[in-house]
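Residue numbers (this note's numbering), protein chains in the order written: chain A, 59 to 1135; chain B, 3 to 560.
Think of the CB as a built atom: it goes at the ideal place given N, C-alpha and C, for glycine as much as any other residue.
Notes to accompany the following structure.
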Amino acid sequence: MKNYNYRLRMKGITKATKNICLMLLAVCYLPAYMSAENKSVNTHSVSGIVRDASTKQPISAAQIKSLNGDASAATNENGYFSLNTNSKEAILIIEAYNYNTREIAVQGKDSVIIDLYKNIFSNYSKSVEGIDGALSNLVSVSALKSIGNNNQSSAVSVDEYIQGEAGADVRVVSRSAVSGMGASLFIRGLNSLNANAQPLFIVDGVLINSLYDVTSIHKGFFSNPLANIDVNDIESISVLKDGTSVYGSKAANGVVIVKTKRGNSTVTKINLNVITGITTIPRSVPVMGNNDYKTYLTEILKTSGLTNNEVLQLPFLNDNPQRTTYRAYHNNTNWNDEVYQSGISKNYSISVNGGDEKALYYFTLGYLRNDGVVKTTDMERYNMRLNGDVKLTNRISLAVNVGFSRIDRSMLDDGVDQYTSPTWLSLVKAPFLNPYNFTSLGTQTTDYTYADVFGIGNPVAIINKSINTMKQNSFNITLKPTIKINSAFTLTEQFDYSLNKTNEDYYRPYLYTAPIFIEGYGYSQNARFSQVMRNVAIFSDTRLNFSKQFESYNKLTAFVGSRYVINNFESDYVEGHNSGSNSTVNLLGSFKNLKTDGVNNITKSLSNYLNADYSYDNKYFVNAAMSMDASSRFGNETKGGIQLFGQSWGIFPSMNGAWLMSSESFMRNIKAINLFKFRAGYGMTGNDDIQDYLTKVYFSSIRFNDVANGAILLNMANPAIQWETTGRANAGFDMGLFNDRLDISLDVYSSVTNNLLILKQMNAIAGLKSYWSNGGQLTNKGIEFSVNGKLLALHNFSWEMGLNIGHYINNITKLPADIYSSASLANGAYTTPVFDGEMLSAVGSAAGVFYGYKTQGVFATKEQAEQANLKIQNNDGSFSSFGAGDVIFVDVADKNGIKDGIINDKDKQIIGNPNPDIYGTITNKFTYKNISLSALFTYSYGNDIYNYQRSKIEAGSNYNNQSLSMLNRWTSEGQNTHQPKAVFGDPMGNARFSDRWIEDGSYLRLKTLTAAYNIPIKSNFIEGINIWVSANNVFTLTNYLGTDPEFSISNSVFFQGVDAGLLPLSRSYFVGLKFNL
Amino acid sequence: MLYRTKIKYKSMKKALKIMIFLVVSSTLLVSCNDLLGVDSSRLVTDKEYGHSPNDSLYSTFGILSRLQKLADSYVLLGELRGDLLDVSESSDISLREIYSFDISKNNKYVDLNNYYDVINNCNYVLKNLDSSKVDAGRKLELSQYAAIKSIRAWTYMQIALNFKTATYYIDPILTIEDSKKIYPEYTIEELADILIADLSPLKDVPMPNIGSVGSYNISFSYFPIRFLLGDLYLWKGDYQNAATEYHDLMFKNRLIVNKAYSATWQTVNNTISTTANINWMAVFWVGNGEVISTITCPTQFGQRFDLDSLNYQGKIVPSKIALDNWASQTYFLNEASNAQGDLRKYGSVWQKSRLSSTTNYSSEFKPIDFTTDKDYNYILKYKLYNQNVVIYRTALLYLRYAEAVNRLNKPNLAFAVLKNGLNSTTMNNHAIIPLNEKDSVTAALMNFNDFRFNNNVGIRMRGVGNADKDTTFYVFHQQANLKDSVLYVENLIQKELALETAFEGNRFQDLMRIALRRIKNGEGDESYLADPIAAKHVGNEAATKQKLMHIENWYIKK
């Protein structure tokens, strides 16, 4: 056995941590002292009337109880009630059928008038899902956004659903319009550079492995594990923005808690849900027609070294119909029509919910099929879920969840890809070509044409001949026994096993696609890829809960527990090229240049946590939490945390408090404010999404001379590698004005993330180039504001409107000097290449800003160009001068104020910032009797976009068809234009990454417009029918030139704001029908 | 009332105790390391790897795959900086940087990491190989041990020669902390002492025989320890030991300059015809007996090897000097029949008309046209390599031997290597090897009487005909004194290296070694290296010479 280092090293703990630890201990003892104070108990008598907020008519049979549970009453037919509470500042909860629950403070008054709003409105006073199960929103301490199920969503995955509901609390960016692709989510800025910046998802208590950095073999695609959950099964979603230290090293990016539906009553209920819809063909960039394209082509061919005469002899420019090639080159094909179709969606689900005193269950079956807007693409999902709660004895109960889903997809490569993306090829393919061959007599056949003379494949053939499939199976089972030890203590153990398996197959056809040149190898004429990924997760969470009310006005709930998570991610990848035909697509003998790859990574993490909530008289709330996390990814010589038992442990404490000021007696005279809660807190969290095995020396297998296996040293042990640490301070308030007519919520936060995961330069003598290390710091400061008004609350008509605004400023404040990057600049700054562009990481700027050249239009004349005398240095060391028709790049002066006249790396500057100034949603809901109309607007303002797609379709450097704006290209001396001349190969780099491609990405979009009608049927058989219609992406107001200002090519922070031409969101229409039986 | 509070307080205390117990016990759980221990079936850690004979095989292949990354650098650094290889219009910035002795950090062919990648992998294996394990009287892993040491030594030499000094360490660097330690740095001369001590005990250990991988015999991937020792002694200036090691290698491995691999004009009626047989090309074929060591560089499975494509695309071309060298030789059949030119040229370079298009999909239309219509010479040697870059071969061994014995004041012996060939006939011909060059001390290293050397011919005899019979064009003009004769022959050896081993990667090292030797001995200055290289930089001779008159510019800045 080894000698473990039992020495507890405290040097790593900051002073703040120590103080919080002390406070934490104090909180544990606090109730005892409070009790000892022996506050005298006086009963307080309250009476009042409950009435309808719009009609002021009394509501009978409304239930009133105090939040402490020490008193309850019901209204009589006049809406009158009276009860005695222990506190004169008690909170009363009022519930009535068809009305929103309301919680109001007595504020020492003897009588109260309570107006209830119909349940068509949104409601602040509701039960929300926190870290410790459900609690009243009124008494929640942390910044938390709760989302219920609106039952009228066409969303395929949870993240998609969140976008419509989370307002500005989460910045949600749809990845693409491919069904179930989901969205990138950012809570409170960007909290990492190189590690995961996506929030932690917890589904029914189980931490989900987001597989955020797992890449698909299909271009432009992301395998989204959240697509396995049917949105219909979701009971509630809570977005926790702070107070998440219980999740310690996994919570730096915020936590999203998803709860699925469970059996809640012994009455059997059956829900049938039918949704169908169509998605229209998306907008695409307009490209040149035959005539304009031929003119362009002639021009570009002349610059590629062919003589005039040679150009004219080319078959597509030679208009002699006698030539055998005439038919093949004289068509007018609308390639868009060949590639796109209207998408059709179907979604059915049925759920049964019921049970008896012993057991409750919820069972659901679902089926979804979406045919995509690109021909042959589709997604099919089967899902099943069983959630049961069994009461074994009076003290012991057991919850069982079983979920299964299968997703089958056919897809196609997406985005800008010159070889295999049909959507891209449909833009750039010559309109005079035809997808089908002609016989020598000029009759069209059904044979697809091969890749054309310009090296562009046939998108129709690719759609039909390529293979792009993905099959995902996901299964999980949870067992959660709960033992009630006595009235105060409960012990639970949650165990979960989940399996997520993905099979991907890919085949790029021979001849129909152009050969791809792979450096160091040669031309790949066809290729076959295959990938199998498997993630097995085992999760165990043991928790002891304590809950006790002392003297009816102070209450302590606490839990302590230990969470253990094992993830085993395994992947196998094979690749083969040049089989020489399309007849066999299996990776057998005829494929060459085989390549295999794969990983088998096990990650284990352990967390011991403690959480205590103390409330005093329902006015003062304190939450303290702490977790102590270890992970197989952490070294045992980390700078942060403590070393114990041969392990490094991160310590993540937090302290949050809230004051429900509106309960105070002194607030009784401020009539306008009926609710005011002030919240503040500070918490530390971490990010453990660093690579596996960095702490170990390891070797990897390589191939030597095709056949032999060898081993090489691949990683050096870094025992100092650790989590990223985020400390975040938060302050905010929730306010209800004018009898809850207006709800306002405001949060400000400031966070500092330290120990950023950074790739550093290895000392050259070690033989490896780089290693992952911790260093650097970034900050996020921001505001989240929301206002929600019940603008009209008439008898039959109501109008509610909400506005959510989010704002953050991200700033890199420190970077280590020895960063490894092929493009490192001074002071640790470096750039990350992204789609021919560069993203700068530098102290003093936000993460992921665009770094390139500024431009000042185009030289109109030779004279003008000669006067400017700008040059570039060629690869061979010689210089070339910019001439008429070339872009005028800004030559940046050096520190001595001298401009060298050479356009090179030194002239790069920050040319855009993809982070928005503000973002959020605007909601409107109109209700007339049983009919409601909801409109959701999403917006983003002040964010820049790098329009990569445009940079490729306006480059004017090859035979690709070009966008219409290329009609304005410079063609003759003296022409004033912003579009440079077309030159083959773009020798002057006019199309390089510059502000030409940076655009304002601000937009306002009517994301969804939904009309719903509750059919007033009441029978023994049917309890209710709800029908709704909705339109998505109805319109978008934007100056953005691309097809859609909303996209996300990857979860990495460096890839935000890069439009790689993924399938844009388009208008879609849905009809939904819900039967409650 | 007071009593009630106490009870509450007690129950609180109890609750707290339970909580504390739970925190502590759950923490204690992890004192068992298994809870956070992770294994992977794909990656092997240092604890699991490197301790069995099979592992040493895997690591040998691993090391050889790392060595592949040095092949391009070896050739390009050795030749583009020399006088024989030139850049062209289509050469990129990395090649131009090497050519102009102005190598930046981002140069894709110069990466110190790649050298140390080999070294550190070697260090790891050497540390773990048990060279003392004995089975049936045979030391089990000793040959493996020696082979890996030879690779490490060669790599260290390359570092010191290219970067002036090599940071030397023999324990593997396995942690980030170790990588930041300071290790000693040695110049080639300092390094020579260390490596000689390291290698000498192993010089009689046979190279491991692990057979072939595919069609490639692995035994060519090692560097013979005697060759390395010879080179190290030569750099040190210990010529006797150098010559001895070279000689012993020739003897033990039966390495000769074989007459069968000659480039000859066919003769008709005892005169030169117009047809030549370039059998000399066969010396580059692995397995023909003349190739000693290669770095094999297949391009499958993602391995990079640029030399072929640089050559094919005309990004590196033979210099005019190289072509003139061959052109200025005289092919000697007999006094009556001779011709201008060394036929080894036709095994070294080939004239090619123009690049053929690789993107020509259709006969009707060529989308991307040819880059050049000019005829140019491409380097045939690289094609002959067939992706096995030759590092050591027999002719180089004999030329190095000649360099060493010449400095032992045996210029006639050295000259005989070029002109006559070392065999019993030559050695016993006092007209060729005068008695004063034979002494008892050096007798062993001059022993070529064995029949195995019978077919040994002069290096030149395989390119310029009957050089041994030539009394007109290529003769040793004895100089005024012995020292001048030595310098005279050394110049001839240097010339012969250019004719025989052009483009193979050793040119710059050879010029540098002779130049440094002459500076040290007070026999010359930096111009010995600067002049021929400056002559290649047509139009920029003066600036190039000025740059190369500073020794620090001969090395790459780290």
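- Query: Taking 7 Å as the CB-CB limit, is I161 (chain B) close to chain A?
  - Reply: Translated into positions along the second sequence, residue 161 (chain B) becomes position 159. Output row for I161 (chain B): interface = no.
- Message: Measuring only the C-alpha atoms, how far is N28 (chain A) from F1112 (chain A)?
- Response: The requested residue 28 (chain A) does not occur in the structure, where chain A is confined to residues 59 to 1135.
- Query: S532 (chain A) to G238 (chain A), Cα distance in whole Å?
  - Reply: Residue numbering aside, residue 532 (chain A) sits at position 474 when the first sequence is read from its first letter. Residue numbering aside, residue 238 (chain A) sits at position 180 when the first sequence is read from its first letter. Here the C-alpha atom of S532 (chain A) lies approximately 15 Å from the C-alpha atom of G238 (chain A).
- Any C-beta of chain B under 7 Å from that of N195 (chain A): Locating residue 195 (chain A) in the first sequence gives position 137, counting from the first residue. Closer than 7 Å: no.
- Message: M437 (chain A) and N428 (chain A) - do their beta-carbons sit closer together than 7 Å?
- Response: Reading the first sequence from its first residue, position 370 is the one you call residue 428 (chain A). Reading the first sequence from its first residue, position 379 is the one you call residue 437 (chain A). With a cutoff of 7 Å on beta-carbon distance, N428 (chain A) and M437 (chain A) are scored as near each other.
- What does N115 (chain B) reach in chain A if we use C-beta pairs closer than 9 Å? On the second sequence, residue 115 (chain B) is found 113 positions in, with the first residue counted as 1. Here the neighbours are M820, A822, I823, A824, G825, L826 and K827.
- Proximal chain A residues relative to G216 (chain B), where beta-carbon distance stays under 9 Å: As a working note, residue 216 (chain B) is residue 214 in the second sequence. Neighbours of G216 (chain B) on chain A, chain order: N763, D764, V765 and A766.
- Query: Given that V190 (chain B) touches chain A, what residues does it touch there, using C-beta distances under 8 Å?
  - Reply: Your numbering for residue 190 (chain B) matches position 188 in the second sequence. The displayed chain sequence assigns Ile, not Val, to residue 190 (chain B). Under the 8 Å cutoff, chain A gives no residues; its nearest Cβ is about 17 Å from I190 (chain B).
- Taking Cβ to Cβ, would you say A923 (chain A) is nearer than 7 Å to G941 (chain A)? Position 865 of the first sequence, counted from the first residue, corresponds to residue 923 (chain A). Position 883 of the first sequence, counted from the first residue, corresponds to residue 941 (chain A). Yes.
- Query: When DSSP builds the beta bridges, which residues end up paired with Q1037 (chain A)?
  - Reply: The residue you call residue 1037 (chain A) lines up with position 979 of the first sequence. Beta-bridge pairing links Q1037 (chain A) to A:R1027.
- Would you say I760 (chain A) faces chain B, with C-beta separation under 7 Å as the test? Residue 760 (chain A) sits at position 702 when you count from the first residue of the first sequence. Yes, its Cβ sits closer than 7 Å to a Cβ of chain B.
- Three-state class that DSSP yields for I287 (chain A) in the structure shown: Against the first sequence, residue 287 (chain A) aligns to sequence position 229. Note: I287 (chain A) maps to coil in three-state DSSP.
- Query: How about G1032 (chain A) and A918 (chain A): are their beta carbons less than 7 Å apart?
  - Reply: Numbered from 1 along the first sequence, position 974 holds the residue referred to as residue 1032 (chain A). Numbered from 1 along the first sequence, position 860 holds the residue referred to as residue 918 (chain A). In terms of Cβ geometry, G1032 (chain A) and A918 (chain A) form a close pair [threshold 7 Å].
- Task: Give me the Cβ distance between V486 (chain A) and N1019 (chain A), rounded to the nearest whole Å; I'm assuming they're in contact under 8 Å.
- Result: Walking along the first sequence from the start, residue 486 (chain A) turns up at place 428. Walking along the first sequence from the start, residue 1019 (chain A) turns up at place 961. Cβ atoms of V486 (chain A) and N1019 (chain A) come within 8 Å of each other, at about 5 Å.
- Query: Excluding the five sequence neighbours on either side, which residues of its own chain have a C-beta within less than 6 Å of the C-beta of A532 (chain B), listed in chain order?
  - Reply: Locating residue 532 (chain B) in the second sequence gives position 530, counting from the first residue. When the five nearest sequence neighbours on each side are left out, the beta carbons in the same chain lying within less than 6 Å of the beta carbon of A532 (chain B) are those of K547, L550 and M551, in order along the chain.
- Message: Distance check for S295 (chain B) and R520 (chain B), CA to CA, integer angstroms please.
- Response: The residue labelled residue 520 (chain B) in the question sits at position 518 within the second sequence. The residue labelled residue 295 (chain B) in the question sits at position 293 within the second sequence. S295 (chain B) has its alpha-carbon roughly 29 Å from the corresponding atom of R520 (chain B).
- Does DSSP classify K249 (chain B) as helix, strand or coil? Taking the first residue of the second sequence as position 1, residue 249 (chain B) is located at position 247. At residue 249 (chain B) the sequence reads His, which differs from the Lys that was named. In this structure, DSSP gives H249 (chain B) a helical state, which the three-state scheme calls helix.
- Item | M528 (chain A), DSSP secondary structure in three states | Against the first sequence, residue 528 (chain A) aligns to sequence position 470. Looking at M528 (chain A) - three-state DSSP - the assignment turns out to be strand.
- Query: Mind checking if F63 (chain B) is an interface residue toward chain A, Cβ cutoff 7 Å exclusive?
  - Reply: Reading the second sequence from its first residue, position 61 is the one you call residue 63 (chain B). By this cut-off, F63 (chain B) is an interface position.
- Query: So which of B:V466, B:Q511, B:S311 and B:P226 has the shortest CA-CA distance to T266 (chain B)?
  - Reply: To locate residue 266 (chain B), count along the second sequence from 1; it is residue 264. For T266 (chain B), the nearest C-alpha among the options comes from B:V466.
- Task: Please compile the residues from chain B whose C-beta is within a distance smaller than 7 Å of the C-beta of Y756 (chain A).
- Result: Sequence index remark: in the first sequence, residue 756 (chain A) carries index 698 (1-based). Ordered by position in chain B, the residues that pass the 7 Å Cβ test against Y756 (chain A) are L45, V46 and T47.
- Burial state of Y87 (chain A) (16 or more Cβ within 10 Å): Here residue 87 (chain A) refers to the residue found at position 29 when the first sequence is read from its first residue. Low local confidence applies: a pLDDT of 49 at Y87 (chain A) is under 50, so the model's placement there is unreliable, with the coordinate-based value given in what follows. When all chains shown are included, Y87 (chain A) counts as exposed.
- Task: Compute the beta-carbon to beta-carbon distance between Y494 (chain A) and D505 (chain A), rounded to the nearest angstrom, for a pair I have assumed lies under 8 Å.
- Result: Residue 494 (chain A) sits at position 436 when you count from the first residue of the first sequence. Residue 505 (chain A) sits at position 447 when you count from the first residue of the first sequence. About 6 Å separates the beta carbon of Y494 (chain A) from that of D505 (chain A), a gap short enough to meet the 8 Å contact definition.
- Item | Beta-carbon gap between T503 (chain B) and L398 (chain B) smaller than 7 Å | Residue mapping note: residue 503 (chain B) aligns to position 501 of the second sequence, counting from 1. Residue mapping note: residue 398 (chain B) aligns to position 396 of the second sequence, counting from 1. Yes, the Cβ-Cβ distance between T503 (chain B) and L398 (chain B) is below 7 Å.
- Message: Using CA atoms only, rank isn't needed, just tell me which of A:E858, A:N376, A:S1124 and A:N973 is closest to R246 (chain A).
- Response: The count along the first sequence starts at 1 and reaches residue 246 (chain A) at position 188. With distances taken between Cα atoms, R246 (chain A) lies closest to A:N973.
- Message: Quick check on DSSP: helix, strand or coil for K383 (chain B)?
- Response: As a first step, residue 383 (chain B) is located in the second sequence; it is residue number 381 there, counting from the start. DSSP places K383 (chain B) in helix when its eight states are reduced to three.
- Simplified DSSP state of T696 (chain A), which is helix, strand or coil: Within the first sequence, numbered from 1, the residue matching residue 696 (chain A) stands at position 638. Coil at T696 (chain A), not helix or strand.
- Task: Mind listing the chain B neighbours of A769 (chain A)? Cutoff is C-beta to C-beta under 8 Å, in chain order.
- Result: Residue 769 (chain A) sits at position 711 when you count from the first residue of the first sequence. Close partners of A769 (chain A) in chain B (Cβ separation under 8 Å): V46, Y51, D57, Y60, S61, F63 and G64.
- Is it the case that the Cβ atoms of P777 (chain A) and G693 (chain A) are separated by a distance below 7 Å? Here the question's residue 777 (chain A) lines up with position 719 in the first sequence. Here the question's residue 693 (chain A) lines up with position 635 in the first sequence. Less than 7 Å divides the Cβ of P777 (chain A) from the Cβ of G693 (chain A).
- Message: Taking 6 Å as the limit between beta carbons, can you name the residues of its chain near L82 (chain A), skipping five residues before and five after?
- Response: As a working mapping, residue 82 (chain A) is identified with position 24 in the first sequence. At L82 (chain A), the pLDDT of 48 sits below 50, so the modelled position is not reliable and the matter cannot be decided from this model.
- N-terminal and C-terminal residue of the beta strand (DSSP E) that D1002 (chain A) is part of: For the purposes of this step, residue 1002 (chain A) is taken as residue 944 along the first sequence, with counting starting at 1. Note, D1002 (chain A): beta strand (DSSP E), D1002 to N1005.
- Any residues in the segment 67-82 of chain B with a beta carbon nearer than 9 Å to a beta carbon of chain A? Which ones, in chain order? Within the segment 67-82 of chain B, the qualifying residues are S67, R68 and Q70.
- Touching or not, the segment 744-761 of chain A and the segment 691-709 of chain A, by the rule of three or more beta carbon pairs under 8 Å? In short, these stretches touch, since the Cβ pair count reaches three.
- Alpha carbon to alpha carbon, how far is F597 (chain A) from V313 (chain A)? Against the first sequence, residue 597 (chain A) aligns to sequence position 539. Against the first sequence, residue 313 (chain A) aligns to sequence position 255. Each residue's Cα considered, the two are about 17 Å apart.
- Task: Report the rounded CA-to-CA distance for I574 (chain A) versus S665 (chain A), giving the unit in angstroms.
- Result: Numbered from its first residue, the first sequence carries residue 574 (chain A) at position 516. Numbered from its first residue, the first sequence carries residue 665 (chain A) at position 607. Rounded to whole angstroms, I574 (chain A) to S665 (chain A) spans 48 Å at the Cα level.
- Message: Quick check: the Cα distance between I802 (chain A) and L248 (chain A), rounded to an integer number of angstroms?
- Response: Here residue 802 (chain A) is taken as the residue at index 744 of the first sequence, counted from 1. Here residue 248 (chain A) is taken as the residue at index 190 of the first sequence, counted from 1. Cα to Cα, I802 (chain A) sits roughly 25 Å from L248 (chain A).
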